[in-house]
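Here the structure is laid out as structure tokens; the discussion comes afterwards.
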Amino acid sequence: MSSAIEDRAQGPLAGRIPVLRVTPAAPDPRWRPSAFAGEVVPFGATVFREGHDRVGAMLVLTSPTGVTTEHRLVSTAPGLDRWETRVALHEQGVWSFVVRGFGDEYATWVHDAGIKIAAGIDVELMFEAGARLLERAHGQKVRPAAAKRRLSRAVKLLRDETAGLDKRLTVLGDPVLRDEFSVRPLATLVSESAVNEILVERARAGVGSWYEFFPRSEGAVRRDDGSWQSGTFRTASARLDAVAAMGFDVVYLPPIHPIGRSFRKGPNNTLDAGPDDPGSPWAIGSADGGHDAVHPDLGTLDDFRAFVARAAALDLEIALDLALQASPDHPWVTEHPEWFTALPDGSIAYAENPPKKYQDIYPINFDNDPEGLYAEVLRIVRHWIATGVKIFRVDNPHTKPLAFWERLIAEVLSVDPDIVFLAEAFTRPAMLQALATVGFQQSYTYFTWRNTKEELEEFLGSLATETADFLRPNLFVNTPDILTEYLQFGGPAAFTVRATIAATAAPTWGVYSGFELFESVARPGAEEAIDNEKYEYKPRDFAAAEASGDSLALYLGILNEARRAHPALGQLRNIHFHRTDDEAVIAYSKHLDAEFTGTGEADTVIVIANVDPHSVRETTVHLDLDELGIEPGARFTVHDLVTGHSWEWGASNYVRLDAFTHPAHVLHVSQRKVATHD
């Protein structure tokens, strides 16, 4: 293979018409960008040439089954020579694409003739040049008969000096000819980009609503002597109906494996666990087995299979935690001590995330026996796939080698491309993004700590643009480890607003059980709930909370119903922020053109939220109607998907959002009207 230096010595890498910065693209050309089935993907390139002649660009797209289609790119930033088109990719697998740049003879003639003829310069010469150009197009076999008839009439008119100047000029603005040359351009100096690829994964890799709960808490009972009887997969199955009723798609379970006894943690991460304290599920492994076993308190492997089947009957998928670490009692510790890090005193290093310490957990050392460890993890993943699990939420992947994940995910997907891996990586941007680049289909993000209007606009905007080619965010609103100050002190309004934004700003979002009950009391000095469920049983009376009105369950159901009903909410890249006169009110829209909705009609949802959970806000929202596909000056009807109210709106609209009663609008543009002009 020749080097880049040798290639440059042999000739230029740029084509006659330069085609540069082709997108979508991963951060490094060694990896592919990705999309999910049904995603509307923007394809683009920078295309230009010397001088003033016009250029065009065409996307040539080949599906995994070999179907090739062509899509004309349009100029989106003329001063920057940027061209773009959008295509919905429905077929799962690897697509290939090139962008062709070319000299656009028709566009060049229309531009030059329009200027010269208006100035009285070379009038007949420009008409004749156009006639000859259209004659050449007429002779091309690719032209349909109707187009050829139109071209013949145009040639005749251009040469008819008795027709009058204005009539002859209509050829330059003929919309039928413009459309014909858009689809089948008269192209010269055609130059192609390199062949690019994009991986399209199944829809669940990019769209879904997640709900997390601990099976051991569902059905847990305190005995008369104060000890606990654990919930089981059988008792936890009863919770699945309520989760499905709220409209969730995925049930995520923390580790379900045996839990070690050594250094077991007690309530709130204390070091003095009692004999009946269940310990942290992430302290995996005991005499009962390791990562391929089920905790005996939860039931058997067959019980777990029945749980997965029950979920499937409710159209729920099970996501299983994959935590590559071990308790001191894990079989690995004695069978494979080389998989851990030994300290100078002969002890094994336990996990730390200062100031947090996890004496009950040993991290894995991936360098002493990488092949043996890889084979074991691959075996474990395939073991759980065989039980019906197709989604893995990976715990702390940023503390393991990047190359390990790239190899593992690629090998798993080579056999079963429907498997989805979610990276729980609250870490530095470089590592978070690299994990997504090498194969993780979804990523936790910094969303939980972005709460102001300014923070949200910057953060959500970057997710939809800067990293959308390779990173898919899962906007979890809380976790067992994360209870932000915003939720601690914001009351029910904070929970409502955070759920609204998470469910509508990105195609994938999630909640951890207890969120719907407004659980907001933190352990002193920590950003996590007191009486943390990681270390104790926590049965909840959801029915009583709903009966008393102290539950967000109904609202979560409304949000998930809106997500299913409106395809615009199933896209990542289509968020657009609108101006408001109040720094505490955020407004954004998700719009999808009619060609992509499958209904024949465009879909537009507008979200307006008061991010100050302690106040009533009154403001004017100024909508960019062009982004909504609405004619300037038009009036239209918006329908609140939460309350059922409707209003007639225009470009600027008064909004009142009471944090204590109704802190957010989720509005569907239900009727578009023609513009009215005074």
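Per UniProt numbering, residue 1 is the first one in the sequence shown, and the count goes up by one each step.
Every residue, glycine too, gets a C-beta built ideally from N, C-alpha and C.
All values derive from a computational prediction rather than experimental measurement.
Listed as beta-bridge partners of Phe489 by DSSP are no residues whatsoever. Pairing Glu527 with Thr484 gives a Cβ-Cβ distance under 9 Å.
Residue Ile575 holds the alpha-carbon nearest to the alpha-carbon of Ala505 among Glu455, Ile575 and Glu466. In the three-state DSSP reduction, Phe248 falls in the coil class, being neither helix nor strand. Taking 8 Å as the upper bound for CB-CB distance, Leu80 and Glu70 are not in contact here, some 24 Å apart. Going by DSSP, His138 is part of the alpha helix (DSSP H) stretching over Val123 to His138. Among the bridge pairs identified by DSSP, Val621 is matched with Thr580 and Asn653. As DSSP reads the structure, Asp321 sits in a beta bridge with Arg393. Counting only the Cα atoms, Ala163 lies some 23 Å from Ala107.
Burial is judged here by how many other beta carbons sit within 10 angstroms of a residue's own beta carbon; Gln571 has at least 16 and is buried.
Note that the C-beta distance between Leu169 and Ile117 is below 9 Å.
Within the stretch 376 to 448, complete alpha helix (DSSP H) segments of at least 4 residues are found at 402 to 415 and 429 to 437, given in chain order. In this chain, the alpha helix (DSSP H) harbouring Phe596 covers Ala594 to Thr597. Just so you know, the alpha carbons of Asn474 and Gln442 end up roughly 6 Å apart.
In this structure Lys156 is exposed. Its beta-carbon is surrounded by fewer than 16 other beta-carbon atoms within 10 angstroms. Straight across, the Cα-Cα distance linking Phe102 with Pro507 is about 37 Å. When DSSP states are grouped into helix, strand and coil, Leu483 belongs to the coil group. Between the alpha carbons of Pro27 and Thr465 lies a distance of about 13 Å. The bridge partners DSSP lists for Asn532 come to none.
The C-beta distance from Ala238 to Glu218 rounds to 7 Å, short enough to fall under 8 Å.
Look at Pro355 here: in three-state DSSP terms it is coil, with no helix or strand label.
Distance from the Cα of Val611 is smallest, within the candidate group Trp647, Arg656, Gly600 and Thr637, for Arg656. The stretch 377 to 395 makes contact with the stretch 307 to 322: 3 or more CB pairs, one atom from each, lie closer than 8 Å. Asn365 sits in coil when the DSSP states are folded into three classes, being neither helix nor strand.
Counting C-beta atoms within 10 angstroms of its own C-beta, Gln325 has 16 or more neighbours from the protein chains shown and is therefore classed as buried. Of all C-beta pairs linking the stretch 621 to 640 to the stretch 662 to 674, three or more are shorter than 8 Å, placing the two stretches in contact. Under the 10 Å beta carbon count, Ser227 is surrounded by fewer than 16 other beta carbons and is classified as exposed.
Note: Gly289 is bridge-paired with Ser286 in the DSSP secondary-structure output. Cα atoms of Phe307 and Phe233: separation of roughly 6 Å, rounded to the nearest angstrom.
A contact is defined here as three or more CB-CB pairs under 8 Å, and the stretch 14 to 32 meets this definition with respect to the stretch 453 to 471. Bridge pairing for Gln671: Thr637 [DSSP].
The Cβ atoms of Ala137 and Val420 lie no closer than 9 Å to each other. For Gly114, the uninterrupted alpha helix (DSSP H) segment begins and ends at Glu105 to Ala118. Exposed is the label assigned to Asp302, since fewer than 16 other Cβ atoms lie within 10 Å of its Cβ.
For Glu128, same chain residues with a beta-carbon under 8 Å away, outside a window of 5 residues either side, are Leu158 and Arg159 in chain order. With fewer than 16 other CB atoms across the displayed protein chains lying within 10 angstroms of its CB, Thr270 is exposed.
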